[in-house]
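In the UniProt record's numbering, the protein residues as written are 1 to 198.
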């Protein structure tokens, strides 16, 4: 059997399949922020606070909508910068080479936005996606000719160029969902150090 599937249709399908991860990522970022604010570990102000108070009931970690709205205020600016800057490079190379823009960038833009910390400066987002698209993809000839994933190439560049914003103290640390000894550490206390259980 033959099907009319092509690269365009596959990429649009993959892009649509990233939506659940994108929505969960927005909810999780909002839940982490609302949990930290509710516990008194962090405070918030500015435009994110204004949007949250306008569209939701405030900092309520048990509210699905409040978590989603607050998470969207972190994710959507990163995604917008990724889409605009990366799209610029895709269009520029497509014009220069005389071919159409590939839909694969939709997937790259979502993946790149999802693997970045929620509090990364937007200029670093622009720099990372520029490096990923130009060096990781277009320099080798574009879709199908590159051997590097543009999203991961941009992330690796940011990791080595700006390690403090990616993995240092500046990264927003998630609030603990459960704190305590690991189950393996609790095992000997409950059952003793008997080898028959191991």
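We treat Cβ as the ideally placed atom computed from N, Cα and C, and that holds for glycine.
Proximity of residue i and residue j at Cβ, strictly below 9 Å
{"i": "residue 77", "j": "residue 35", "result": "no"}
{"i": "residue 98", "j": "residue 26", "result": "no"}
{"i": "residue 148", "j": "residue 18", "result": "no"}
{"i": "residue 157", "j": "residue 135", "result": "yes"}
{"i": "residue 161", "j": "residue 127", "result": "yes"}
{"i": "residue 118", "j": "residue 159", "result": "no"}
{"i": "residue 21", "j": "residue 33", "result": "no"}
Whole-angstrom distance between residue j and residue i, CA atom to CA atom
{"i": "residue 90", "j": "residue 101", "result": "7 Å"}
{"i": "residue 8", "j": "residue 142", "result": "14 Å"}
{"i": "residue 108", "j": "residue 150", "result": "7 Å"}
{"i": "residue 59", "j": "residue 38", "result": "7 Å"}
{"i": "residue 31", "j": "residue 63", "result": "9 Å"}
{"i": "residue 129", "j": "residue 166", "result": "14 Å"}
{"i": "residue 145", "j": "residue 80", "result": "26 Å"}
Terminal residues of the alpha helix (DSSP H) in which residue i lies
{"i": "residue 56", "result": "Looking at the DSSP string, residue 56 is not in any alpha helix (DSSP H), and its letter there is neither H nor E."}
{"i": "residue 167", "result": "163-167"}
{"i": "residue 147", "result": "First-last for residue 147: undefined, no H or E at that position."}
{"i": "residue 23", "result": "19-38"}
Check your understanding: Should the region 40-57 be called in touch with the region 104-116, which here means at least 3 C-beta pairs below 8 Å?
Key -> The way I'd put it, the region 40-57 doesn't touch the region 104-116; fewer than three beta-carbon pairs between them come closer than 8 Å.
Exercise for review: Counting only runs of 4+ residues fully inside the region 50-121, write out the alpha helix (DSSP H) ranges in chain order.
Suggested key: 64-97, 104-114
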